[in-house]
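*Asks:*
Residue numbers (the working numbering): 12 to 204.
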């Protein structure tokens, strides 16, 4: 007979309205070896029935291009990634554009596509530094402003007139539904205010 977590905690049967012998209400601790033996036997039985229809998947090598099963709800597209390493018997570390993931072999499908290029953080940092250095260099090399203002030339008369301050645009009323609203027929006899 299966025992409940409460029965395991108390090491005895729990009281109920059903008649029960006093021996069942006395705590009796079961032997750990017997418990582990039963657990191991149950696990072997489950493995036996599971392995009837199961088949082994081919192991993946580091550098293989794979498609990763979507792990977020609502997504259907399998993402492309590259196997970085094998962690466990069925577990692999896969690099995606978003980062590293650990996935079971069942959630990975080998693909014949070209591998994706995921840049290391060091490479990205180096590119950022080099781009900022080149920007600073171009600022230093830029020629000074070559415009020369002459005060003898007459200016355009329109340019000297300051722009008139823009009048604020009229506030538009919020758009409302143009549907005609009528009170329900049952309220026809009442005066509504």
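All C-beta atoms in this analysis are idealised placements derived from N, C-alpha and C, irrespective of residue type, glycine included.
Remember, it's a predicted structure, so these values are computed and weren't measured experimentally.
Where do the ends of the alpha helix (DSSP H) carrying residue 103 lie?
*Replies:* Here residue 103 belongs to no alpha helix (DSSP H); instead the beta strand (DSSP E) covers 102 to 107.
*Asks:* Report the start-end ranges of each alpha helix (DSSP H) in the region 12 to 79 that is 4 residues or longer and not cut off at the edges.
*Replies:* Counting only runs of 4 or more, we get 16 to 21, 33 to 36 and 43 to 64.
*Asks:* On the three-state DSSP scale, how would you describe residue 192?
*Replies:* Coil at residue 192, not helix or strand.
*Asks:* Would you check if the distance between the CB atom of residue 77 and the CB atom of residue 64 is smaller than 7 Å?
*Replies:* Cβ atoms of residue 77 and residue 64: not closer than 7 Å.
*Asks:* In chain order, what residues of the same chain have a beta carbon less than 6 Å from the beta carbon of residue 127, not counting five sequence neighbours either side?
*Replies:* Excluding positions up to five away in sequence, the list reads 91.
*Asks:* From residue 190 to residue 201, what does the alpha carbon distance come to, in whole angstroms?
*Replies:* Going from the Cα of residue 190 to the Cα of residue 201 covers about 23 Å.
*Asks:* Identify the residues that DSSP records as bridge partners of residue 121: which are they?
*Replies:* Answer by DSSP bridge pairing, in chain order: 77.
*Asks:* Would residue 53 count as contacting chain C if we go by Cβ distances under 7 Å?
*Replies:* In the displayed structure, chain C is absent; only one protein chain is listed.
*Asks:* What's the C-alpha gap between residue 30 and residue 80?
*Replies:* Roughly 54 Å separates the two Cα atoms.
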